[in-house]
Each structure stands twice: as C-alpha cells, then as structure tokens.
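What follows is a single structure, written as structure tokens, with notes after it.
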Amino acid sequence: MKKNVTLKARETAATNSDFYNLFRPIAPSIDLIGKVAQVISALTEGVTIWYITQSEMAGSSKILSIAVSIIAMILVIAVLELGGRKFLQVLTRAIVWKRLKNAWYIGLFGIVLAITLGMGILSFNLSTNGIHHAFVSNVPVVANFDDSDLKKEYRNNVKEITRRFEKDYVLIKENYQDRIAGTKDNFDAKIESAKMKVEQYNAKYKKGAKWAKSQAEKHQKIAGTLEMEKTTLVTGIQTDHSRKLEAWQTKKDKAIEAEKERMDKAVEKGETAIMKIHESKYVNASFWGNLFSFFVGFSVILAFICIVSVEVYRRGAGIQVTYQEEEKDRSILEIFWFGLKARFDTFLRRKAEKFAKINSPSLGNNSSIGFNYPKTFATNETRELLTNKNEDNPF
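Take 17 as the starting number for the sequence shown in the working numbering and just add one per residue.
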C-alpha cells in the first residue's frame, strides 16, 4: 500500500517589519473578504448551473435531474472558485517575486494565465447573468384574462335585447295586420255594396228600364275605383310595414353590436390591466436583478482583488509560502478497503493457479516438529526490510 502524502503550506517569517506592522491588522480582513466574495460568486454560479440543467432536463426524471444538477454545480464551483483562487495566487507570486526566470517559467505562466482569464470571465458571466435570470424568470407568465363573466353577461344582455325587440316586432306585426284587415274590410264592404247595386240596376235594365244601364255602369266604375284604391292602400301599408321592419332590425342589430363593443372594451381593459401588472412585476424584477447582478459582479472582481492583495502583502512583508509533503496516516476504512482488495486478489489468484495447474511456491513437503528457530538473529537492516514489507502489504 502506497504512502498517503499531503501537501502542507507554510509561511516564513516576515523580513520587512515596517510593512508587516502597517498592513498586518487588515491582512486577515482582506483574506476573509475575498473568501466571502468567492462564496457569493459560488452561490450565484450554482444558481445558474441549476437553472441550466433543470431547463435542459425538464422531461427527465425528477430525481435524475436533481442529482445531475447538484453534481454539475459542485464540479463547476470547484473548478472555477478553488481552481481560480490557486491559479491566481500562483500568477501573482510569479509576478511580485519576479520568478519568470526563463522560457519554461514564461511558457507555463502564459498557459496558467490564459486558463485563469477564461475561468474569471466564465465565473463573472455565470454569476451576473445567473442571478439576473433568477429574478426575471420568477416573474409569473402573463395569465389570460378570464372573460367568462363578461361573456355570460353579454349573452344575458343579448337575450334581454332580443326579448325587448321581439315585443316591438309583435306590436309592429299586429299593427300591420290590423291596418290591412281594417282597410280590406272597409273597402270590401264598399265594393260589395257597389256590386250589389250593379246587380240591382242590371236586373231593372233587363226588365226594360233603359236608364238602369247607365246606373249599373256607374256603380261598376265605382267598384273598380274602390278596388284600385284598396290595392294602393294595401301596398302602401305593406311598404310602410317593410320600412318599420327594416328600422326594427337595424335598431336590434345596433343594440346587439353596442353590447358586443361594450364587452370587447371591458375585455380589452381587463387584459390591459393584467399586462400592466405583468410589466410592473417584470420591471421590478429586472431592477432587482440588475442591482444584484452588479453586486455579484463586484463581489467576483473583489474576490480577485483580495486574492492578489494578500499575495502583494506577503511580498511586501517578505513572507514566502513554502510547501512540504507530509505523510498522513490512512483511515481505517481505507486500510480495510486495501486489505479487502488484497484478500480478493489472493483468492482469485489461487483459483486461477489451481485451474491452470500451476504449483504455488511452498516451503517444502517436510513438516517440522517442534520449534523453528531463526538461522540468524535479526539485525537493524532485516528489521527495516520486514517493516517496509509489512507496510506495503499489512494483510
């Protein structure tokens, strides 16, 4: 089992006491502010990644989409924030300590600089755009105006208008029928009277009264004249009735159209009110989104400035950061895991050797009786070899 080594950062003592005493009181605050700003940046980046993954996996399982979103958030935040901090520290130290000695230093410095710039730009955009999107996306979608009550009222009003005009139509129709009937009855009686007189005078004429012929012709003309007058009056009444029906229909259509326009205006007014409420909410959300985006963007830049400031402070105070590898004891779980793998590997190896009929090395067929004494006493070198062997394979 390989040794578990951890990298420890150690600071040397300050060499510039004046600079150290001047800026030492605020140095921890600068470092803390930078870390808090990075936490704000990390949270807003997480919000952006959450929205992106949730929208792209909208049709997937809820558990799967949440798991993928959390993993993506952790990976992106770890790369941008932890990686960005380490990369920016190295770049700043290389500049302030003038460590760019040759082309190898400059080449790797350029690569790290390009990566750091990319991570910084990505972190800034994710944080600012994400928080703005979080505010704006929470504005409810414009709801359709519920015009069911207005439509119900419109239908009831149309029914009332129709009922009222139907009464008017009945009155117009009854008036027309009464006029027609009265005119016909009046003229029919006169015409019938004239025709009876014609028959009477024709009967007298047939009996020899020649003067009766002229009277019969006279009353015949009167009957014809009455027929013409009757037709003319009936036609006039019918024409007047048609005009009244047209006027009635026009008034009815106008009343229904006015009711329709009133309903349309009410619906338009309601929709306008809803749109104004939505626009007000959107403007309010956009304002707070822009404000928080500015705050988050400033936090991202502040984090970069604080990281650089800490390294500038160390350079001014003459404090160098050195790294040392220290051996770290493995956890019980890790030891158990390596032991389990070793046991499993030995088991499979024996099965494979048995299958391939390969004899494993043994100590011989002769079994000893009693105690086995070492041929030589253990020295310091043999003890060290045995210790290293046990460390490599404790099982």
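Ideal placement from N, C-alpha and C gives every residue a C-beta, glycine not left out.
Original post:
Less than 9 angstroms separating the beta-carbons of Glu27 and Gln336?
Top reply: Along the sequence shown, one-based indexing puts residue 27 at 11. Along the sequence shown, one-based indexing puts residue 336 at 320. In contact: Glu27 and Gln336 (Cβ atoms closer than 9 angstroms).
Original post:
Once you ignore the five residues that flank Phe352 on each side, which residues in its own chain have a CB closer than 6 angstroms to its CB?
Top reply: Looking up residue 352 in the sequence shown gives position 336. Correct list: empty, nothing qualifies.
Original post:
Looking at C-alpha atoms only, which residue of Ile111, Phe151 and Asn37 is the closest neighbour of Val324?
Top reply: In the sequence shown, the residue the question calls residue 324 occupies position 308. Closest option to Val324, Cα to Cα, is Ile111.
Original post:
Would you call Thr108 buried or exposed, if buried means 16 or more other Cβ atoms sit within 10 Å of its Cβ?
Top reply: Working through the sequence shown from its first residue, we reach residue 108 at position 92. The residue in question, Thr108, is buried, as its Cβ has 16 or more Cβ neighbours within 10 Å.
Original post:
Three or more C-beta pairs closer than 8 angstroms, one from the segment 266 to 273 and one from the segment 116 to 133: is that the case here?
Top reply: no
Subject >> Rounded Cβ spacing between Tyr67 and Ser153 (contact assumed at less than 8 angstroms) >> reply: By 1-based counting over the sequence shown, the position of residue 67 is 51. By 1-based counting over the sequence shown, the position of residue 153 is 137. Sure, about 7 angstroms apart at Cβ, within 8 angstroms.
Subject >> Reduced DSSP secondary structure (H/G/I, E/B, other) of Gln340 >> reply: As a first step, residue 340 is located in the sequence shown; it is residue number 324 there, counting from the start. Looking at Gln340 - three-state DSSP - the assignment turns out to be strand.
Original post:
Which residue's Cα is closest to the Cα of Lys297: Leu80, Thr60, Asn118 and Val157?
Top reply: Walking along the sequence shown from the start, residue 297 turns up at place 281. Checking every option, the nearest Cα to that of Lys297 belongs to Val157.
Subject >> As assigned by DSSP and simplified to three states, the class of Val157 >> reply: Residue numbering aside, residue 157 sits at position 141 when the sequence shown is read from its first letter. Coil.
Original post:
Do Ile290 and Phe161 have their C-beta atoms closer together than 9 angstroms?
Top reply: Taking the first residue of the sequence shown as position 1, residue 290 is located at position 274. Taking the first residue of the sequence shown as position 1, residue 161 is located at position 145. Cβ atoms of Ile290 and Phe161: closer than 9 angstroms.
Subject >> Among Ala74, Leu38 and Lys24, nearest to Ala30 - alpha-carbon criterion >> reply: Stepping through the sequence shown from its first residue, residue 30 is reached at position 14. Per the Cα distances, Leu38.
Original post:
Do the CB positions of Ala239 and Lys211 come within less than 9 angstroms of each other?
Top reply: Sequence index remark: in the sequence shown, residue 239 carries index 223 (1-based). Sequence index remark: in the sequence shown, residue 211 carries index 195 (1-based). For Ala239 and Lys211, yes; Cβs fall inside 9 angstroms.
Original post:
Quick one: any contact between the segment 275 to 282 and the segment 243 to 258, if contact means 3 or more CB pairs under 8 angstroms?
Top reply: no
Subject >> Within the segment 28 to 89, ranges of the alpha helix (DSSP H) (whole runs, at least 4 residues) >> reply: 33 to 39 and 43 to 72
Original post:
Are there 16 or more other CB atoms within 10 angstroms of the CB of Phe320, so buried, or fewer, so exposed?
Top reply: In the sequence shown, the residue the question calls residue 320 occupies position 304. Buried: at least 16 other Cβ atoms inside 10 Å.
Subject >> Straight-line Cα distance separating Asp163 from Ser71 >> reply: In the sequence shown, residue 71 corresponds to position 55, counting from 1. In the sequence shown, residue 163 corresponds to position 147, counting from 1. Taking the straight line from one Cα to the other gives about 32 angstroms.
Original post:
Looking at C-alpha atoms only, which residue of Arg179, Leu116, Leu96 and Lys367 is the closest neighbour of Ile272?
Top reply: Position 256 of the sequence shown, counting from 1, holds the residue named residue 272. When each option's Cα is compared against that of Ile272, the closest is Arg179.
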